[in-house]
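Colleague:
In UniProt numbering, the protein residues as written are 1 to 61.
Following this line, the structure appears as structure tokens:
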């Protein structure tokens, strides 16, 4: 039963725990790592972190 979500880079444990934030962070990290490998370039994590925080860096100053 874990094969299908895992094949889509989804951690099945986060689905079973019914914890959206953990699911979202896990999925985000998996996808960003996959993109980095495909592009052979690092991804700036600042843009991704602003989504997690819910505020722009400009608003938090």
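For glycine and all other residues, C-beta sits at the position ideal for the given N, C-alpha and C.
The structure displayed is predicted, hence computed values, not measured ones.
Can you list, in chain order, the residues of its chain whose CB lies under 8 Å from that of residue 34, leaving out five sequence neighbours each side?
Modeller: Closer than 8 Å at Cβ, skipping near neighbours: 9.
Colleague: When the Cα atoms are used, what is the spatial distance from residue 70 to residue 43?
Modeller: Beyond the ends of the chain as shown, which are 1 and 61, falls residue 70; an answer cannot be given.
Colleague: Out of curiosity, what's the CA-to-CA distance linking residue 16 and residue 29?
Modeller: Roughly 19 Å separates the two Cα atoms.
Colleague: Under the three-state reduction of DSSP, which class applies to residue 19: helix, strand or coil?
Modeller: Reduced to three states, the DSSP call for residue 19 is coil.
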